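Residue numbers (full-length UniProt numbering): 1 to 645.
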C-alpha cells in the first residue's frame with residue numbers, strides 16, 4: 001500500500017440495510033417513546049420485529065426517544081439553556097417521581113392545572129429530585145411537547161399504518177398515551193396496541209378502561225400472541241381476545257399467554273436504532289456510550305425460592321427460565337457481528353447460575369473484547385468474580401441493598417453484610433464495576449443499624465460507593481400484596497400520579513405502580529438515617545476526587561499493607577508470621593475461631609483464640625478489616641492482582 005492510500009471507508013448505519021426505514025410504507029409500526037434511555041435500543045422492538053419478520057410481516061420500528069432529544073436540541077436555545085444528554089438521563093432516571101410523565105402531561109391528555117403543577121415542582125425541589133438548574137427548565141421542555149407529538153403523528157402517518165404498537169415501561173406511559181390520542185384524532189382507523197411492563201396485571205385493564213385511544217393491550221410475553229393479533233388487524237377482522245390480549249369491548253380472557261421457550265425467541269435486530277441515531281446531531285456524542293440489550297433469561301430463580309419483600313419487577317412472570325449456553329453465546333456473537341458492537345447490557349433480572357460454570361469459560365475462550373453488564377446475587381465466590389471479568393463482564397448489579405444483616409433479613413435477600421462487603425472488595429480487586437444501593441425505611445428495621453453502618457463505611461472508601469434510596473412500595477411486591485403483615489398501611493398511588501393523570505380514585509389506582517405508605521408503628525426513618533446519608537455522600541465525593549488505595553504486597557514471611565485513603569492520609573503496616581497469615585486468611589471472611597484454627601493447623605500452636613480476636617479487632621479499628629456478624633473481611637487489595645490464585 002502506498003503512503004496516503006485510503007484502504008477503508010466508514011459505512012453510515014442508515015446505508016447498511018437495503019432500504020431506509022423512514023422511507024418505507026408499512027402496515028405495522030412499533031414505537032418506543034421518551035423517556036427510554038438514549039444509549040440503548042428497545043429490546044421489545046428488536047424482538048417483536050424479528051417475530052413478525054418470521055411470519056412474513058415487515059414492521060417499521062421507531063426510536064422516538066432519539067427523535068425527541070434531537071427535537072429539543074433544535075428547538076431549545078443553545079448554550080446554558082440547551083438540554084444535554086446528561087440532563088435527559090437525569091430526567092429519565094427520575095421515574096419514581098413521575099417526572100418524564102409530567103412533562104408530557106399536556107392537552108389533550110390533561111387540562112392545565114397551574115396550581116397543581118406548582119405544587120408538584122415544589123415537591124421535586126424539596127426532595128432534590130433534580131439540580132435546581134435543570135428543575136427551572138422543565139416548563140420550557142414541556143412547551144416543546146405539543147409540536148414534537150404532532151411531528152411524530154406526521155411521521156407515523158407517512159408509513160400508512162394499520163396498527164401502531166407502543167412498548168411502555170416506567171415513564172413511557174404518558175408520552176405513549178399522548179401520542180396515541182393525537183394519532184387517533186387524525187387517523188381513527190389506525191388500531192393502537194399497548195404492551196410492556198406498564199401493562200402487567202391490573203395496570204393493563206386499567207389503561208384500556210381509562211383511555212379510549214387504546215384499542216388492545218398485550219400482557220406478558222408478546223412473542224406468542226403478536227402474530228395472531230397483527231393478522232387480525234391486517235385482515236380487517238375484530239381482534240380475537242386470547243390469553244394475554246385484552247380488547248376494548250370484548251370479554252376479558254383468563255390468564256397470561258403461556259411462556260415462550262427461550263431458545264425460540266429471535267435474536268433482536270437493532271438496525272432501526274442505529275438508523276435513527278445516524279440522523280441526529282448528537283450521534284458522535286452518544287455513540288461511545290451505546291450498549292445493546294441482550295436477554296438470556298426471564299424471571300428470577302431467587303424470587304421463586306423467596307420473594308424479596310420490596311421487589312415488584314417480575315410482576316406476574318416470576319418463573320425462571322434461561323437460554324441454553326449455546327444459544328446465549330450465539331446471541332452475543334450474532335449481535336456483535338451484525339452491528340459491529342461489543343458493549344452489552346443483559347436485561348435479565350438475575351444471571352443463571354449455570355452460566356457461571358458453562359457460559360463464562362466459553363465467552364473467555366472466544367477472545368472477544370466484550371463489555372457486558374449482568375445482574376447477580378451478592379454471594380459470589382472470588383473465582384466467579386474473576387471468571388466474570390475474564391469473560392468480559394465488567395459491571396454487575398448484585399442486589400447488595402444494605403450493609404446490615406438484620407435489615408437484609410427483613411428484605412429476604414438471602415445474603416449477609418459481610419458477604420456484601422467481601423463482594424465489593426473482590427470486584428475492586430478484579431476491576432468489575434458495581435452498581436448498588438443502600439435502601440432504608442423498611443418496616444420494623446432496627447434504627448440502631450444506621451449509625452453502625454455510618455461508622456463502618458468509613459473503612460470502605462476505596463471501594464465502589466452506593467446510592468442511598470428510601471424504600472418504594474411497588475405493585476406486585478409482598479409489601480404491596482399484604483402490607484399489614486409487614487407493618488405498613490398503603491395510602492394510594494404515589495404523589496405524582498395525581499399531578500400526571502386526569503383519572504382519580506379506583507381508575508388511578510389501577511394504573512399506578514408506586515404507592516404511598518405509612519408505618520403502623522409510626523416510625524420516621526429520616527430521623528435516624530442522617531448520619532449514614534452524610535457518610536455515603538462523603539464516600540461518593542472521595543471516590544470522585546480520588547478514592548485512594550488500600551493495598552497489600554507479599555514479602556518473604558511478611559505482608560506490607562499501604563493505606564493511601566483520603567480519610568487516613570498515609571499509613572504503612574508490617575505484618576509478619578502469624579499476623580500476616582491471619583490477615584490473608586480473612587480474604588474469604590472468617591470468624592476469629594476459624595482464623596485461630598487455621599493458624600493452629602499451620603503450626604502457630606502458642607496463640608490463644610482471645611489473642612487472635614484481639615489482633616483482628618485492632619486491624620478493624622485501623623480500617624484494614626471489616627467486621628459484621630462475627631466475621632472479619634480483609635479490605636486491602638493485592639497490589640499485583642495477577643499474583644492471585
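Note that beta-carbon positions come from the ideal geometry of N, C-alpha and C, so glycine has one too.
Given the structure is predicted, the values throughout are model-derived calculations rather than measurements.
Can you tell me which of the three DSSP states residue i falls into?
i: residue 92; result: helix
i: residue 637; result: strand
i: residue 642; result: helix
i: residue 40; result: coil
i: residue 346; result: strand
i: residue 361; result: helix
i: residue 262; result: helix
i: residue 499; result: helix
i: residue 242; result: strand
i: residue 236; result: coil
i: residue 78; result: coil
i: residue 467; result: strand
i: residue 481; result: helix
i: residue 192; result: strand
i: residue 554; result: strand
i: residue 450; result: helix
i: residue 621; result: helix
i: residue 528; result: coil
i: residue 379; result: coil
i: residue 627; result: strand
i: residue 339; result: helix
i: residue 573; result: strand
i: residue 508; result: helix
i: residue 646; result: Outside the displayed span of the chain (1 to 645) sits residue 646, for which this structure offers no information.
For residue i, which residues in the same chain have their Cβ closer than 6 Å to its Cβ, ignoring the five residues on either side in sequence?
i: residue 197; result: 169
i: residue 328; result: 296 and 359
i: residue 283; result: 277
i: residue 733; result: Nothing in the structure corresponds to residue 733, since the chain is present only between 1 and 645.
i: residue 323; result: 262, 263 and 296
i: residue 430; result: 385, 386 and 389
i: residue 98; result: 496 and 500
i: residue 450; result: 528, 529 and 532
i: residue 279; result: none
i: residue 436; result: 400 and 466
Go ahead and label residue i buried or exposed: buried means 16 or more other beta carbons lie within 10 angstroms of its beta carbon, across all protein chains shown.
i: residue 409; result: exposed
i: residue 41; result: buried
i: residue 136; result: exposed
i: residue 13; result: Reliability fails at residue 13, whose pLDDT of 42 lies under 50, so the model's placement of it is uncertain and no value is given.
i: residue 270; result: buried
i: residue 223; result: buried
i: residue 185; result: exposed
i: residue 413; result: buried
i: residue 289; result: exposed
i: residue 365; result: exposed
i: residue 74; result: exposed
i: residue 33; result: buried
i: residue 399; result: buried
i: residue 411; result: buried
Run the proximity test for residue i: is its beta-carbon closer than 7 Å to any non-hydrogen atom belonging to the ligand GDP?
i: residue 378; result: Questions concerning the ligand GDP fall outside what the structure shown contains, since it holds no ligand whatsoever.
Could you check how far apart the C-beta atoms of residue i and residue j are, in whole angstroms? I think they sit under 8 Å.
i: residue 193; j: residue 31; result: Going by Cβ atoms, the distance from residue 193 to residue 31 rounds to 10 Å, so no, they are not a contact pair.
i: residue 402; j: residue 438; result: 6 Å
i: residue 370; j: residue 392; result: 3 Å
Enumerate in chain order the residues of its own chain whose CB-to-CB distance from residue i is below 8 Å, with the five nearest sequence positions on each side excluded.
i: residue 23; result: The predicted position of residue 23 is uncertain, since its pLDDT is 49 and thus under 50; a value taken from the coordinates is nonetheless stated next. There are no such residues.
i: residue 221; result: 244, 256, 257, 259, 260, 298 and 317
i: residue 592; result: 609, 612, 613, 616, 630 and 632
i: residue 29; result: 59, 60, 61, 62, 156, 159, 161, 163, 164 and 165
i: residue 71; result: 144, 147, 148 and 151
So, for residue i: in the same chain, excluding its five sequence neighbours on each side, which residues have a beta-carbon less than 7 Å away from its beta-carbon?
i: residue 576; result: 557 and 558
i: residue 447; result: 528
i: residue 382; result: 426
i: residue 265; result: 47 and 223
At least 3 beta-carbon pairs within less than 8 Å: the stretch 622 to 634 vs the stretch 418 to 428:
yes
Would you call the stretch 549 to 561 and the stretch 532 to 540 touching, i.e. three or more CB-CB distances under 8 Å?
no
Pair every Cβ in the stretch 472 to 485 with every Cβ in the stretch 301 to 311, then say whether three or more of these pairs are closer than 8 Å.
yes
Any chance the stretch 239 to 259 sits against the stretch 196 to 213, with 3 or more Cβ pairs inside 8 Å?
yes
Could you tell me whether the stretch 449 to 465 touches the stretch 480 to 492, where touching means 3 or more Cβ pairs closer than 8 Å?
no
I'd like to know if the stretch 438 to 458 and the stretch 398 to 408 are in contact, where contact means that at least 3 CB-CB pairs between them fall below 8 Å.
yes
Does the stretch 610 to 622 touch the stretch 517 to 535, meaning 3 or more C-beta pairs lie closer than 8 Å?
no
Is the stretch 46 to 65 touching the stretch 127 to 144, taking contact as three or more C-beta pairs under 8 Å?
no
The stretch 580 to 593 contacting the stretch 498 to 508, beta-carbon criterion three pairs below 8 Å
no
Tell me, please, whether the stretch 344 to 356 touches the stretch 367 to 375 by the rule of three or more beta-carbon pairs shorter than 8 Å.
yes
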